[in-house]
Amino acid sequence: MNDIVLWRKKILSPVENSDWASEMVLNPAIIEDPKTKRIHMIFRATGPYPQARIEGEPMPYPIFLGYAYSDDGENFTFDLEKPALSPALNYDKEKIYLTNHKGEKAIDFTNGCLEDPRLFFIEDECYMTAACRMFAPGAYWKTDGTGGACIPKWANNEEENPFGTHLNPTVSVLYKVDLQALSEQNYEKAFSYICHLNNPKYGEDRDVVFFSKRMMVDGKLCYIMIQRPVTPDTYPEFTETKPSIVISAAENFEDFATDNNVKRNLILSPTEDWQEERVGASVPPIEISEGRWLLNYHGKKDDIVGYGQSFMTFKEVDNDMPVLEKLSKEKMIACAEDFEQPSRFETPCVFFTGMIFHKGDLLVSYGAADERVCLLKIDYKKLMEKMDNL
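Counted the way the working numbering counts, the sequence shown spans residues 2 to 391.
Structure representation (structure tokens):
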């Protein structure tokens with residue numbers, strides 16, 4: 002199963018005495034700056050945060066994004082002094098807004114947490130998606146009643162909540178990233194908020210990535226997005242009820258969260274035993290030859306077996322979204338090391354969130370057991386031999 006993996010290693014564990022990274026560090030995104038060849042990493046982190054606790058409510062565990070970099074692809078330097086991006090943690094409905102890259106007022110869906118970043122280029126510009134919640138979770142891994150979300154009373158009321166987030170769903174958002182400012186750890190300049198990418202009325206939506214170029218779809222030049230709605234059947238186009246992989250096209254980023262001018266197709270729903278509970282894209286697709294793309298995806302059977310990773314390829318077609326070319330139905334990569342086994346959680350988890358070409362092979366950044374930041378290297382030639390022989 003794991004014969005395509007050359008090596009894997011843990012590079013960061015929870016940081017003792019950190020107020021933002023002491024409990025978990027996981028799900029790192031990576032990207033290489035084509036100018037400097039520096040590899041930038043954005044990772045997810047959390048810790049107890051009493052300064053944002055509502056009296057009588059559980060301890061909040063806001064989710065932050067941290068930064069690291071590497072000049073060799075194996076050894077990373079982490080900035081553990083401060084987060085790169087932090088949720089605002091406002092509870093007053095009048096304050097749950099931010100300013101977007103156009104200087105306009107926008108709803109702050111990132112107010113409670115920023116999770117599972119993905120970094121990618123679109124036409125030489127660097128972007129990042131993140132899955133966000135308007136209010137911070139509690140200790141969600143606990144089952145003793147202390148794991149609920151830290152939501153003010155007005156936000157739990159559908160009639161009083163003007164944002165459509167009374168169930169505190171995940172909403173995916175998009176940032177533009179300045180890699181030079183990121184390298185200088187000038188975080189205020191490094192991230193520019195663009196927009197949210199899904200409408201919370203359709204429920205949870207995560208694992209959002211983009212193809213690195215726009216394509217002609219129905220006569221329009223469109224961005225091509227892959228998403229994983231938790232309940233696809235809430236969209237009028239679908240009947241599938243389990244978390245599935247959907248491909249979408251729109252002329253503007255802002256269109257994806259609307260019901261207008263968006264084309265959506267279902268790519269993959271859970272069909273195999275190892276993906277019984279869900280499937281979703283793991284990393285942004287990589288162009289492997291002219292008009293051909295490699296996409297890594299994950300599946301989860303249940304909380305006992307946990308997550309595995311596999312691959313599919315797409316090919317471009319005239320005047321439409323890319324279509325699925327080859328699909329590996331087998332689980333190619335799963336937990337194999339002690340550091341990938343759970344301690345706090347019961348679910349084994351190898352969860353890819355970054356993948357780039359590096360020295361002829363594929364460098365992958367991933368979260369292990371929802372607690373640690375890790376790297377592995379995939380033998381690209383062996384992987385493609387497997388895919389081409391399907």
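Ideal placement from N, C-alpha and C gives every residue a C-beta, glycine not left out.
Check	Outcome
Contact between the region 204-224 and the region 177-191 (3+ Cβ pairs under 8 Å)	no
Beta-carbon separation (whole angstroms), S311 vs M333, contact threshold 8 Å	5 Å
Beta-ladder partner(s) of T130, from DSSP	R119 and L175
Euclidean distance between Cα positions of E82 and A69	11 Å
Counted within 10 angstroms of its Cβ, other Cβ atoms place G57 as buried (16 or more) or exposed	exposed
Beta-carbon gap between F136 and I123 smaller than 7 Å	no
Where M60 sits in the DSSP three-state scheme	coil
Rounded straight-line distance, which links the Cα of F239 to that of A140	33 Å
Cα-Cα separation between S193 and C127, rounded to whole angstroms	11 Å
Residue of N253, D362 and K243 minimising C-alpha distance to D303	K243
Cα-Cα separation, A250 to P170	23 Å
Limits of the unbroken beta strand (DSSP E) element including W155	First-last for W155: K154 to N157, but that is the alpha helix (DSSP H), not the beta strand (DSSP E).
Alpha-carbon to alpha-carbon, Y224 and E252	6 Å
Length of the line joining the Cα atoms of L296 and E17	36 Å
Per DSSP, cross-strand counterpart(s) of W275	In DSSP, W275 forms no bridge with anything.
Nearest residue (CA-CA) to F353, options K360, F257 and A370	A370
Backbone CA spacing between N101 and G281 [nearest angstrom]	28 Å
Which of helix, strand or coil DSSP assigns to T111	coil
Neighbour-count burial assignment, K301, 16 or more Cβ in a 10 Å radius	buried
Where L183 sits in the DSSP three-state scheme	helix
Nearest-angstrom Cα separation, counted from R119 out to R134	16 Å
Through-space distance from K202 to E159, alpha-carbon basis	11 Å
N- and C-terminal bounds of the alpha helix (DSSP H) containing L384	Y381 to D389
K154 versus D80 - alpha carbon distance	36 Å
Complete beta strand (DSSP E) runs within the region 236-283 (minimum length 3 residues, chain order)	246-251, 264-269 and 279-282
For D206: DSSP bridge partner residues	P230
F346 in three-state terms, based on DSSP	coil
Limits of the alpha helix (DSSP H) - the one that A369 falls within	Careful: A369 lies outside any alpha helix (DSSP H), inside the beta strand (DSSP E) at D362 to A369.
CB contact flag (P285, G149, <7 Å)	no
A335 - partner residues in DSSP beta bridges	A335 pairs with nothing; no bridge assigned.
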